[in-house]
Structures are given as structure tokens and as C-alpha cells.
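There are 2 protein chains.
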Amino acid sequence: MKRYEKFAAAIAEKIRSGLLPPGAKVPSVRVASLAYAVSPSTVFQGYYLLEDRGLIQARPRSGYYVRESASRQVDEPQPMQRVSAGTDVGVSDLIYSVLSSLRDPDTVPFGSAFPSPDLYPLPRLARSMAKAVRGMDGGRLSDMTTGHPELRRQIALRYMNSGVRLPMDELVITNGAMEALNLCLQCVTQPGDLVAIEAPAFYACLQVLERLKLKAVEIPMHPRDGVNLAALDDALQRLPIKACWFMSSLQNPLGASMNNDAKAALYTLLEQYQVPLIEDDVYAELYYGTKPPHPVKSLDRSGLVMHCSSFSKSLAPGYRVGWVAGGRFARQIDRLKLMTTISPSLPAQAALADYLQHGGYDRHLHKLRDTLETQQNAMLAAAARYFPKETQVNRPLGGYFLWFEFPQRVDSLKLFELALAQGISITPGPIFSATQQHRHCIRLNCGYRWDKRSEDAMALLGRIIATF
Amino acid sequence: MKRYEKFAAAIAEKIRSGLLPPGAKVPSVRVASLAYAVSPSTVFQGYYLLEDRGLIQARPRSGYYVRESASRQVDEPQPMQRVSAGTDVGVSDLIYSVLSSLRDPDTVPFGSAFPSPDLYPLPRLARSMAKAVRGMDGGRLSDMTTGHPELRRQIALRYMNSGVRLPMDELVITNGAMEALNLCLQCVTQPGDLVAIEAPAFYACLQVLERLKLKAVEIPMHPRDGVNLAALDDALQRLPIKACWFMSSLQNPLGASMNNDAKAALYTLLEQYQVPLIEDDVYAELYYGTKPPHPVKSLDRSGLVMHCSSFSKSLAPGYRVGWVAGGRFARQIDRLKLMTTISPSLPAQAALADYLQHGGYDRHLHKLRDTLETQQNAMLAAAARYFPKETQVNRPLGGYFLWFEFPQRVDSLKLFELALAQGISITPGPIFSATQQHRHCIRLNCGYRWDKRSEDAMALLGRIIATF
Numbered sequence: 099m100k101r102y103e104k105f106a107a108a109i110a111e112k113i114r115s116g117l118l119p120p121g122a123k124v125p126s127v128r129v130a131s132l133a134y135a136v137s138p139s140t141v142f143q144g145y146y147l148l149e150d151r152g153l154i155q156a157r158p159r160s161g162y163y164v165r166e167s168a169s170r171q172v173d174e175p176q177p178m179q180r181v182s183a184g185t186d187v188g189v190s191d192l193i194y195s196v197l198s199s200l201r202d203p204d205t206v207p208f209g210s211a212f213p214s215p216d217l218y219p220l221p222r223l224a225r226s227m228a229k230a231v232r233g234m235d236g237g238r239l240s241d242m243t244t245g246h247p248e249l250r251r252q253i254a255l256r257y258m259n260s261g262v263r264l265p266m267d268e269l270v271i272t273n274g275a276m277e278a279l280n281l282c283l284q285c286v287t288q289p290g291d292l293v294a295i296e297a298p299a300f301y302a303c304l305q306v307l308e309r310l311k312l313k314a315v316e317i318p319m320h321p322r323d324g325v326n327l328a329a330l331d332d333a334l335q336r337l338p339i340k341a342c343w344f345m346s347s348l349q350n351p352l353g354a355s356m357n358n359d360a361k362a363a364l365y366t367l368l369e370q371y372q373v374p375l376i377e378d379d380v381y382a383e384l385y386y387g388t389k390p391p392h393p394v395k396s397l398d399r400s401g402l403v404m405h406c407s408s409f410s411k412s413l414a415p416g417y418r419v420g421w422v423a424g425g426r427f428a429r430q431i432d433r434l435k436l437m438t439t440i441s442p443s444l445p446a447q448a449a450l451a452d453y454l455q456h457g458g459y460d461r462h463l464h465k466l467r468d469t470l471e472t473q474q475n476a477m478l479a480a481a482a483r484y485f486p487k488e489t490q491v492n493r494p495l496g497g498y499f500l501w502f503e504f505p506q507r508v509d510s511l512k513l514f515e516l517a518l519a520q521g522i523s524i525t526p527g528p529i530f531s532a533t534q535q536h537r538h539c540i541r542l543n544c545g546y547r548w549d550k551r552s553e554d555a556m557a558l559l560g561r562i563i564a565t566f
Numbered sequence: 099m100k101r102y103e104k105f106a107a108a109i110a111e112k113i114r115s116g117l118l119p120p121g122a123k124v125p126s127v128r129v130a131s132l133a134y135a136v137s138p139s140t141v142f143q144g145y146y147l148l149e150d151r152g153l154i155q156a157r158p159r160s161g162y163y164v165r166e167s168a169s170r171q172v173d174e175p176q177p178m179q180r181v182s183a184g185t186d187v188g189v190s191d192l193i194y195s196v197l198s199s200l201r202d203p204d205t206v207p208f209g210s211a212f213p214s215p216d217l218y219p220l221p222r223l224a225r226s227m228a229k230a231v232r233g234m235d236g237g238r239l240s241d242m243t244t245g246h247p248e249l250r251r252q253i254a255l256r257y258m259n260s261g262v263r264l265p266m267d268e269l270v271i272t273n274g275a276m277e278a279l280n281l282c283l284q285c286v287t288q289p290g291d292l293v294a295i296e297a298p299a300f301y302a303c304l305q306v307l308e309r310l311k312l313k314a315v316e317i318p319m320h321p322r323d324g325v326n327l328a329a330l331d332d333a334l335q336r337l338p339i340k341a342c343w344f345m346s347s348l349q350n351p352l353g354a355s356m357n358n359d360a361k362a363a364l365y366t367l368l369e370q371y372q373v374p375l376i377e378d379d380v381y382a383e384l385y386y387g388t389k390p391p392h393p394v395k396s397l398d399r400s401g402l403v404m405h406c407s408s409f410s411k412s413l414a415p416g417y418r419v420g421w422v423a424g425g426r427f428a429r430q431i432d433r434l435k436l437m438t439t440i441s442p443s444l445p446a447q448a449a450l451a452d453y454l455q456h457g458g459y460d461r462h463l464h465k466l467r468d469t470l471e472t473q474q475n476a477m478l479a480a481a482a483r484y485f486p487k488e489t490q491v492n493r494p495l496g497g498y499f500l501w502f503e504f505p506q507r508v509d510s511l512k513l514f515e516l517a518l519a520q521g522i523s524i525t526p527g528p529i530f531s532a533t534q535q536h537r538h539c540i541r542l543n544c545g546y547r548w549d550k551r552s553e554d555a556m557a558l559l560g561r562i563i564a565t566f
């Protein structure tokens with residue numbers, strides 16, 4: 099990282115943490131130059147970068163200020179009623195109609211679940227792939243079930259570097275995180291069992307519960323801080339919950355992240371009730387700034403946490419390579435996999451192993467994080483311009499989703515239809531809920547390069563919303 | 099195919115079909131030359147080829163004869179007792195201890211489930227892969243759920259060329275056939291349901307039933323002709339069977355193939371009882387000679403057959419690309435896949451699409467079939483030399499498995515331990531049975547190049563068997 103980038107990162111951190119609140123003046127060039135022991139030109143370069151990313155804006159003859167536009171915070175929603183028993187899940191039809199709407203490449207992809215494929219180093223990955231398959235001999239193929247050894251080693255190394263010590267044999271390579279999550283859930287539940295999930299939750303979580311005939315106990319979320327632990331404690335006490343499935347960092351769809359204290363408290367609950375956690379951590383690498391979030395897995399003394407992740411969001415969509423650090427359930431997960439898909443594609447595993455060793459993954463991630471933060475700011479700014487005054491929006495510390503809450507009169511399912519007719523896809527709130535809540539909410543994807551088309555689409559969305 | 103190869107194929111066909119029984123003299127050079135309108139030297143070349151493959155042998159001053167060694171036929175086993183109710187399956191532990199025994203690369207791989215990786219065009223596939231990933235753009239990645247369009251087209255074309263007309267949207271690309279089989283079974287059953295399977299059956303079939311809490315109704319097999327249809331009819335009449343899972347051609351482990359009449363009769367039963375068939379057809383491309391077997395799917399007027407296959411045995415082990423032609427269940431299968439693994443690895447799909455177009459798949463298959471037939475004959479000849487007289491063995495019309503029945507005193511689980519201690523893996527019979535039958539049987543893999551080590555291993559196996 100260059101000096102001005104480091105300086106910019108430090109200021110950005112202060113904005114994110116609230117030390118520099120919206121509307122606050124950022125330090126003058128002279129003050130910053132002294133305080134951070136950098137040259138004035140470094141400060142200028144840093145402020146240009148932050149301006150470019152939409153974090154600060156210049157006011158003529160006055161200096162730089164933290165942008166107001168991005169600052170609106172969603173109020174904490176009313177805690178949901180206590181769930182007296184698990185809810186049967188049945189949202190699949192709605193989800194499929196939304197998903198199939200996304201297949202038209204001419205649609206503005208605000209409803210997409212993936213960032214723009216342009217953000218990934220596909221040509222560099224192609225080189226790794228070509229090299230990997232050239233070197234692939236027969237021997238490799240015959241023992242494929244345990245996963246590519248070098249890929250396993252590289253993943254274990256990344257855990258170690260982020261402070262999580264992991265015995266290699268806890269790692270099971272899977273067909274993306276989705277398979278990992280499925281296998282984990284099957285390991286610790288039987289049809290009819292109760293599973294604690296977030297409300298709102300990642301819609302695939304709802305689908306998987308529906309498929310496995312599990313019942314959802316929806317735990318209310320704080321839109322910034324994540325799972326409401328008091329509600330979880332209460333639910334664990336009253337109900338025979340067999341597993342929790344949470345995204346502790348950069349939750350989809352809210353973008354919420356639990357802080358370290360909350361994660362520790364969550365782990366204490368897990369140990370107290372001896373309930374395993376399926377930690378879906380696929381967005382972990384997409385944090386903004388320089389401080390990676392710690393997964394609950396990092397606290398796992400007794401093997402209760404199954405930590406699932408993948409390269410699909412951070413590096414190689416379409417390669418379908420994920421993994422789970424399965425704790426005490428690892429062997430069982432590995433066996434289940436052998437009965438369902440046997441192993442993920444070996445060329446993809448070999449290519450990623452090569453890329454992780456030689457491709458410059460951390461450099462790519464650094465750039466990706468910056469790009470996503472810039473785009474988030476652009477979308478927030480556009481929302482401030484075009485969406486109704488009462489709109490509420492969170493400001494996630496990473497990822498590429500924004501969760502908008504509109505006044506209750508706005509029907510997101512209708513909005514979905516109207517917007518789609520105008521060539522804009524969005525994700526309506528109810529598909530994130532086993533009980534079809536969040537009807538006045540939508541999730542938008544800011545993972546695509548911001549341009550005039552995006553700007554126009556936001557303006558058009560704003561006009562449609564105003565008709566409700 | 100060269101002229102002498104065509105001639106040899108015609109003679110081989112007669113041997114396989116029994117028109118030229120074991121011990122019979124094959125036509126003299128003069129007669130064959132006239133009958134097939136080829137030159138005497140073509141006949142000579144053809145007979146050399148057949149001798150090389152172990153189908154015929156020369157007797158000094160007398161000419162060529164169909165080999166006796168390969169001719170021993172297994173008697174039809176006693177039909178099993180009728181299954182009064184489904185059997186809970188619980189073989190996984192045994193299967194895992196057998197599978198993990200195969201991981202040592204120094205072990206003679208008679209117990210392996212795969213042929214030698216040397217038999218596959220890995221360098222040519224690597225070229226297709228390098229080309230495919232170079233050309234892979236972002237757009238491709240965003241709509242990956244339905245499978246790679248060109249790969250789907252190529253697979254549909256191969257169906258069409260073999261006489262099976264298939265609407266493209268019946269095709270679901272999966273992570274190998276194993277995922278396809280799992281998805282099909284989940285589509286048409288609930289935990290506790292009865293499923294008709296073969297006895298003996300592919301062990302993964304037993305594992306999957308165990309995992310999904312289904313009950314097995316074991317239908318007795320004829321070792322050459324496949325499923326006993328009278329027993330099946332009886333079972334369908336008496337029991338609420340929800341699905342059949344059969345390998346109609348080159349069944350694993352017996353190598354049995356139903357003939358076309360039997361397949362037609364099976365389809366009539368399916369329609370009569372309206373029971374869907376999951377047709378596991380992964381060995382279909384490995385038939386010897388020139389006449390491909392027809393799947394039951396080719397008779398499917400009403401969408402009752404889910405035809406599962408893959409490239410894992412015929413072209414690209416480790417790539418993990420399979421598919422199902424799902425009949426009336428295709429959409430449901432596709433949805434289930436979206437909830438479990440989303441999609442198979444895209445680079446693998448793209449590479450195979452390129453290879454199928456430009457790689458010379460049929461040329462490769464032709465060579466592969468010949469190699470496997472040669473190796474089967476070599477193993478049969480060795481078995482005749484080294485195994486006890488009472489040994490019975492079938493002569494499958496393709497593939498790379500041989501199923502040996504020894505006298506009842508031979509305990510294949512003990513044999514497995516003793517052989518492994520000597521560095522030879524085998525697959526003991528009971529892992530192919532929900533009720534732990536076939537204790538005196540083993541499956542051997544003849545998919546590896548035959549050499550002195552294989553010959554010695556057969557001799558050693560013979561000596562161990564003699565100690566029982």
C-alpha cells in the first residue's frame with residue numbers, strides 16, 4: 099500500500115467507526131500532515147482518494163467534510179414477536195420467480211446476488227488453470243475425495259494468518275459454500291428439527307430448510323450489529339434448537355456485522371446450550387479498510403463451529419469451490435460429501451491452489467474492497483438524491499448489498515414487478531423471510547461499476563417508489 | 099476403423115453373442131476371406147488383434163479357437179427370498195474402511211472403482227481447458243445455473259445420434275452422476291419410502307438410501323441378464339415402491355446388461371405401476387465392440403425415466419461433470435440442484451464442451467473400449483490360471499469390473515484383509531448388499547494396464563484363496 103493509501107485508510111476507518119461523524123470536517127491539510135507525519139501532498143492525494151470513493155466531499159473555501167448523504171442510519175426494527183414454535187418454510191416459488199427475472203443480461207442487475215464479473219482476475223485465473231491442468235497427472239485424479247492437498251494447505255495458511263489455528267483435517271473442500279452449508283445442516287439435524295436463523299435471512303437458507311423439512315426459529319436482527327443475543331438466549335432456553343445458522347459478518351441481506359464482544363457472547367451461548375453454529379462467512383474477505391472481521395470460529399475451543407466459506411464472492415465465481423472448517427463434525431461432513439457429490443471439480447481446485455500461491459490474491463482483494471466501497475458510496479449518494487425522504491438505509495462495513503427500508507405503504511413485491519417492466523431488477527424483502535416479513539424493504543446490489551445507467555436506474559426507481 | 103479392425107470387430111461380436119461359443123474353431127483364413135470379402139492378410143491381421151485381446155488362441159497346426167478360459171459362466175444365483183418389507187440400510191462403515199484402503203498408491207488397485215487415469219486424454223483435455231478459460235467472459239459467469247449452453251447442446255446431440263430424442267430442457271448438468279442420482283431420488287421419495295434396487299447393487303446406492311432414510315427392496319439379479327423382472331413385478335404389486343434405481347447396462351458390480359426385450363418389459367412395468375426409474379447409465383459408453391446398448395430412456399414416452407450419466411468413467415475423471423435427462427421431473431431436479439450446489443464448476447463444463455466439439459471423443463472411446471476388452475481378457479485368463487476350479491465368473495460385454503463367485507467357504511471380508519496385507523486391494527461382496535449377502539464374492543477391477551505386477555497379484559490372490 100502506498101503512503102497516501104495508508105493515510106486514506108486511517109481516515110476512512112475513523113469515518114466508518116463514527117469518530118468522524120457525517121457532516122464533520124476532516125482535519126485540515128496542515129493538521130493532518132503533522133498528526134500523521136506525512137507530507138501535505140500525501141494528505142491531498144489521500145483526500146482525493148476518499149472524495150473519489152464518496153466518503154468525503156469538498157466545500158468551496160472550507161475544506162473537506164464527511165459526506166452527509168451516506169450517513170442515514172436505519173432505526174433498529176421492533177424486535178419480532180417471540181417465535182413460540184418453529185415455522186415451516188415455503189418461499190421457494192417466490193424466490194424462483196425473482197431469480198429467473200435476473201437472467202436477462204439487459205436488465206440493470208440491482209437484484210443480482212453476485213458482483214460484476216469484471217471485478218475478478220479472470221485472465222490471471224485462466225493462466226493458473228492452464229498451468230494446473232497441464233501438470234495434472236493420473237495420480238492426482240485417483241485420490242480426489244479428500245480435496246486438492248495444496249489447496250487445503252493454502253486455505254489453512256490463510257486461516258493461520260488471520261489468527262485461526264486449524265488442524266488441516268478439519269477442512270473439507272466443497273462445491274461452493276452452498277454445498278458446505280447443506281452438508282453441515284444435514285450433519286446435525288433430522289427432518290422436523292428446529293434451526294435458529296436470522297430475520298431477515300439469506301434466502302437460500304430458507305430454501306435449504308424447506309428442502310430438508312426443518313423448521314425455522316427466526317431470531318430478530320439489529321441492522322448494524324446483527325443477531326439479537328437476548329432473543330437468541332431466550333429461544334435456546336425455550337426451544338429444542340438443534341443448530342444455529344448465522345452470518346456473523348456482513349450478513350446478507352442487511353450487511354450487519356457482530357462486533358467481537360457480541361461474537362464472544364454468542365460463542366458462550368453455544369457452549370452453554372451445546373448447540374452447533376453453522377457460520378456462513380462468504381463475505382468475510384469483502385470488508386472495507388484494513389481490519390478483517392474475526393469469525394466466531396476463531397473462538398472455537400470445543401469444535402462447535404462449522405465455518406463455511408468459498409471463493410465465489412471474492413475471487414472465482416463459477417469455479418464453485420468452497421470449504422468448511424467443520425470442527426468436531428468434519429469427518430461426518432466429509433463422509434456425507436462422498437455420498438452426494440464425491441468431490442468438487444479437480445481442475446478448479448488445482449487452478450485456485452496455483453493462484454493462491456502465485457496469483458497475488460491479497461493484492462486483488464485490496465483492489466476489490468476499494469472498488470466495492472466506492473460503489474457503495476455512489477449508490478448511497480444516488481439513494482439520497484432520488485429515494486423518498488423517509489427511506490432508511492444501513493451502511494455496511496463491506497460487501498456489495500444495501501438494505502433499504504421504505505415507508506410501510508411501499509409494496510416491494512409490486513415494486514419488483516414495476517421495476518422489472520422498466521428493465522431494472524431488485525430483490526424484494528419478503529424472499530428473505532420464512533414468514534414473508536419485510537414487505538416494505540428491498541435489497542440492492544452495488545457490486546457493479548457505477549455509471550450513467552446505474553444513476554438513471556436509481557432515479558427511475560425513485561420515481562416508481564414515489565407512486566406508492 | 100481400418101479394414102482388419104472392422105473384420106475383427108465382426109468376429110468379436112459373434113464370440114460375445116455366443117454364436118461362436120468357447121472352444122469353437124473360428125472360420126479358417128480362406129473361409130473368412132471369402133465370407134467377409136477381405137484379403138487373407140486382413141483376416142490374419144484381424145485374428146492377431148483378437149489373439150492379442152485374448153478372445154481367441156492359436157492351436158498349433160489347427161488354427162484359431164475361441165478361448166476357453168474366458169468362458170466360464172456364473173450360474174444364475176438362487177432368486178432371493180421375497181422382500182416382505184423394505185430393509186433399512188447400514189453399510190457405510192464397511193464401505194469406508196474398504197475405500198480408505200485404496201488410498202495407498204503402492205497397492206495393486208484391483209479394488210478401485212475407477213480405471214487407470216492413463217486411459218484418458220488428459221493432455222488433450224488440458225488444451226481444451228486452457229482454451230475454454232481464456233475465452234470465458236463475465237457474461238458466462240452470471241448465468242451459470244442452467245449449465246453451460248454448448249455442453250448441453252453437445253450432450254443432447256450425442257443422445258440424438260444414439261436414437262434418443264430429448265428436449266434440451268430435460269437436461270440438467272450436475273456434479274458427476276452421483277449428484278444426479280441423489281437429486282433424482284430426493285425428487286420422488288420421502289424418508290421412509292421404499293426404493294427397488296438391484297441385489298447386488300452399486301455400494302454408493304446403498305449409502306445414498308441410508309443417508310436419505312429410504313428402505314431398500316432388493317430385486318434379485320441374473321448375473322448376465324440383469325434385473326429379474328418377475329421378482330420386480332411381484333414386488334411392485336405387493337409393495338408401495340416409490341422408485342426403481344437400476345443400471346440397465348453393464349451393471350456395477352456384476353457387469354450384467356438387460357437385453358432390449360427385457361428393457362421394453364421393464365418399461366411396461368414402470369408405466370403399469372407408474373413408478374419412475376432412475377437409470378444409472380455411467381458405464382454405457384464402455385461397451386465392447388460396435389453396438390451401443392440402448393438405455394431404457396430410449397423407450398420413455400411419458401417422462402418416467404431419469405437417465406443419469408457422466409464423463410467420469412469415459413473421459414474426464416476428476417472433472418466431476420455429469421447430467422440427468424430428467425423426464426417429467428427435470429424442472430424439479432434443477433430446482434433442487436440450485437438449493438444444494440447451485441451449479442457444477444464452469445471451467446470444467448466449458449472444457450468438456452470444447453473437447454466434445456473438437457477433441458475427438460469418439461476416437462478416444464473406440465480406443466478405450468478396445469483397451470478395456472484386452473485387459474478384461476488378460477484378467478480372465480489369469481483367473482483361469484490361478485483361481486480355484488470352482489470359481490465362477492461372468493464375462494461382461496463392457497466396462498472394467500469382473501465379479502467372482504468362490505465356494506461358500508471363502509470369506510471375502512477376510513480375503514480383503516489378507517490381500518491388503520500383501521499390498522493388493524479387492525472389493526468384497528458384502529459392501530454391495532443391504533443385507534450383507536455375497537460374502538463369498540469379490541469384484542475385481544481390470545481397468546489398469548496388465549503387466550507382470552497384475553499377473554503376480556492374481557497368482558498371490560489365488561494362493562490366499564486356496565487357504566480357505
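Those sequence lines, one after another, are chains A and B.
Take the first sequence: its letters are residues 99 to 566, numbered as in the working numbering.
Take the second sequence: its letters are residues 99 to 566, numbered as in the working numbering.
Cβ atoms here follow ideal geometry from the backbone N, Cα and C, with glycine treated the same way.
* Mind pulling the beta strand (DSSP E) runs of 3 or more residues that sit fully within the region 435-516 of chain B? -> The region 435-516 of chain B contains, as complete beta strand (DSSP E) runs of 3+ residues, the segments 499-503 (chain order).
* **Distance between residue 519 (chain B) and residue 225 (chain A) (C-alpha atoms, nearest Å)** => Residue 225 (chain A) sits at position 127 when you count from the first residue of the first sequence. Residue 519 (chain B) sits at position 421 when you count from the first residue of the second sequence. Rounded to the nearest angstrom, the two C-alpha atoms are 44 Å apart.
* Asked: What did DSSP end up calling residue 369 (chain B) once you bin it into helix, strand or coil?
  -> Taking the second sequence and counting its residues from 1, the one referred to as residue 369 (chain B) is at position 271. Helix.
* **Alpha carbon of residue 469 (chain B) to alpha carbon of residue 338 (chain A), nearest angstrom** => The residue given as residue 469 (chain B) occupies position 371 in the second sequence. The residue given as residue 338 (chain A) occupies position 240 in the first sequence. Spanning the alpha carbons of residue 469 (chain B) and residue 338 (chain A) requires a straight line of approximately 58 Å.
* Starting from the beta carbon of residue 444 (chain A), find every residue of chain B whose beta carbon is closer than 8 Å, and list them in chain order. => As a first step, residue 444 (chain A) must be located in the first sequence, where it is residue number 346. Per Cβ cutoff of 8 Å: 416, 417, 418.
* Tell me, to the nearest whole angstrom, how far the beta carbon of residue 292 (chain A) is from that of residue 187 (chain A); I am working on the premise that it is less than 8 Å. => Working through the first sequence from its first residue, we reach residue 292 (chain A) at position 194. Working through the first sequence from its first residue, we reach residue 187 (chain A) at position 89. With 8 Å as the limit, residue 292 (chain A) and residue 187 (chain A) do not qualify as a contact, their Cβ atoms being about 12 Å apart.
* Taking only beta-carbon atoms, is residue 277 (chain A) less than 7 Å away from chain B? -> Along the first sequence, one-based indexing puts residue 277 (chain A) at 179. A Cβ of chain B is located within less than 7 Å of the beta carbon of residue 277 (chain A).
* Asked: Along the chain, where does the alpha helix (DSSP H) that runs through residue 318 (chain A) open and close?
  -> Counting from 1 along the first sequence, the entry for residue 318 (chain A) is found at position 220. That residue, residue 318 (chain A), is in no alpha helix (DSSP H); its beta strand (DSSP E) goes 313-320.
* Taking contact to mean at least 3 C-beta pairs separated by less than 8 Å, is the region 430-442 of chain B in contact with the region 207-214 of chain A? -> With the cut-off at 8 Å, the region 430-442 of chain B and the region 207-214 of chain A do not touch.
* Asked: Can you tell me whether residue 204 (chain A) is buried or exposed, with buried defined as 16 or more other CB within 10 angstroms of its CB?
  -> Here residue 204 (chain A) is taken as the residue at index 106 of the first sequence, counted from 1. So residue 204 (chain A) counts as exposed.
* Asked: Does the beta carbon of residue 170 (chain A) come closer than 7 Å to any beta carbon on chain B?
  -> Position 72 of the first sequence, counted from the start, is the residue given in the question as residue 170 (chain A). Because the pLDDT at residue 170 (chain A) is just 48, under 50, the model does not fix this residue reliably, and the value given afterwards should be weighed accordingly. The beta-carbon of residue 170 (chain A) is placed no less than 7 Å from the nearest beta-carbon of chain B.
* **Among B:501, B:328, B:112, nearest to residue 299 (chain B) - alpha-carbon criterion** => Here the question's residue 299 (chain B) lines up with position 201 in the second sequence. The shortest Cα separation from residue 299 (chain B) among B:501, B:328, B:112 belongs to B:501.
* **Own chain residues within Cβ distance below 7 Å of residue 536 (chain A), not counting five before or after** => One-based indexing of the first sequence puts residue 536 (chain A) at position 438. Contacts found: 298, 527, 528, 530.
* Tell me whether residue 505 (chain B) is buried or exposed, calling it buried when 16 or more other Cβ atoms sit within 10 Å of its Cβ. => Indexing the second sequence from 1 puts residue 505 (chain B) at position 407. It counts as exposed.
* Can you tell me which of the three DSSP states residue 340 (chain B) falls into? => Counting from 1 along the second sequence, the entry for residue 340 (chain B) is found at position 242. Looking at residue 340 (chain B) - three-state DSSP - the assignment turns out to be strand.
* CB of residue 543 (chain B) within 7 Å of CB of residue 353 (chain B), strictly -> In the second sequence, residue 543 (chain B) corresponds to position 445, counting from 1. In the second sequence, residue 353 (chain B) corresponds to position 255, counting from 1. No. Outside cutoff.
* Could you check if residue 319 (chain B) is buried or exposed, using at least 16 other CB atoms within 10 Å of its CB as the buried criterion? => The sequence position of residue 319 (chain B) within the second sequence is 221, counting from 1. By the 10 Å Cβ count, residue 319 (chain B) comes out buried.
* Asked: Since residue 470 (chain A) meets chain B, which of its residues come closer than 7 Å, beta carbon to beta carbon?
  -> As a first step, residue 470 (chain A) must be located in the first sequence, where it is residue number 372. Near residue 470 (chain A) there are no residues of chain B at all, since even the closest Cβ is about 16 Å away, more than 7 Å.
* **Per DSSP, the bridge partner or partners of residue 405 (chain B)** => Taking the second sequence and counting its residues from 1, one reaches residue 405 (chain B) at position 307. Beta-bridge pairing links residue 405 (chain B) to B:377, B:423.
* Taking Cβ-Cβ distances below 7 Å as the criterion, which residues of the region 252-276 of chain A are in contact with chain B? -> Close to chain B, meaning a Cβ-Cβ distance shorter than 7 Å, are the following residues of the region 252-276 of chain A: 273, 274, 276.
* For chain A, find out if any of its Cβ atoms is closer than 7 Å to the Cβ of residue 350 (chain B); answer yes or no. => Stepping through the second sequence from its first residue, residue 350 (chain B) is reached at position 252. Chain A contact via Cβ: absent.
* residue 551 (chain B) versus B:294, B:462, B:208, residue with shortest Cα-Cα distance -> In the second sequence, residue 551 (chain B) corresponds to position 453, counting from 1. It is B:208.
* To do: Would you kindly work out how many angstroms separate the C-alpha atoms of residue 175 (chain A) and residue 490 (chain A), rounded to a whole number?
  => As a first step, residue 175 (chain A) must be located in the first sequence, where it is residue number 77. As a first step, residue 490 (chain A) must be located in the first sequence, where it is residue number 392. Caution is warranted here: a pLDDT of 47 is assigned to residue 175 (chain A), below 50, making its placement in the model unreliable, and the coordinate value is therefore given only provisionally. Using only the alpha carbons, I get a separation of about 11 Å.
* Within the same chain, show all residues whose beta-carbon is closer than 6 Å to that of residue 415 (chain B), passing over the 5 residues directly before and after it, in chain order. => What you label residue 415 (chain B) is simply residue 317 of the second sequence in a count that begins at 1. Correct list, in chain order: 212.
* When B:303, B:497, B:130 are compared against residue 104 (chain B), the one with the closest alpha-carbon -> If you number the second sequence from 1, residue 104 (chain B) lands on position 6. Ranking B:303, B:497, B:130 by Cα distance to residue 104 (chain B) puts B:130 first.
* Asked: With respect to the beta strand (DSSP E) encompassing residue 155 (chain B), which residues constitute its N-terminal and C-terminal limits?
  -> To locate residue 155 (chain B), count along the second sequence from 1; it is residue 57. Residues 154-157.
* residue 98 (chain B) to residue 499 (chain B) span [Cα, whole Å] -> Given a span of 99 to 566 for chain B in the structure shown, any question on residue 98 (chain B) remains unanswerable.
* To do: Say whether chain A places a C-beta atom closer than 7 Å to the C-beta of residue 455 (chain B).
  => On the second sequence, residue 455 (chain B) is found 357 positions in, with the first residue counted as 1. So, not an interface residue.
* **Cross-chain neighbours of residue 289 (chain B) in chain A, by beta carbon under 7 Å** => Working through the second sequence from its first residue, we reach residue 289 (chain B) at position 191. Near residue 289 (chain B) (Cβ distances below 7 Å), the residues of chain A are 289.
* To do: Using beta-carbon positions only, say whether residue 427 (chain A) and residue 303 (chain A) come within less than 7 Å of one another.
  => By one-based count along the first sequence, residue 427 (chain A) stands at place 329. By one-based count along the first sequence, residue 303 (chain A) stands at place 205. Cβ distance not < 7 Å, so residue 427 (chain A) and residue 303 (chain A) don't count as in contact.
* To do: Output the boundary residues of the beta strand (DSSP E) element that contains residue 293 (chain A).
  => Counted from its first residue, the first sequence places residue 293 (chain A) at position 195. Counting along the chain, residue 293 (chain A) sits inside the beta strand (DSSP E) bounded by residues 292-297.
* Asked: Would you say residue 524 (chain B) faces chain A, with C-beta separation under 7 Å as the test?
  -> Within the second sequence, the letter at position 426 stands for residue 524 (chain B). With 7 Å as the cut-off, residue 524 (chain B) does not count as an interface residue toward chain A.
* To do: Mind checking who residue 540 (chain B) pairs with in its DSSP beta bridge?
  => In the second sequence, the residue the question calls residue 540 (chain B) occupies position 442. B:502, B:526, per the DSSP bridge assignment.
* Helix, strand or coil at residue 361 (chain A) according to DSSP, with G and I counted as helix -> Here residue 361 (chain A) is taken as the residue at index 263 of the first sequence, counted from 1. In this structure, residue 361 (chain A) counts as helix in the three-state DSSP scheme.
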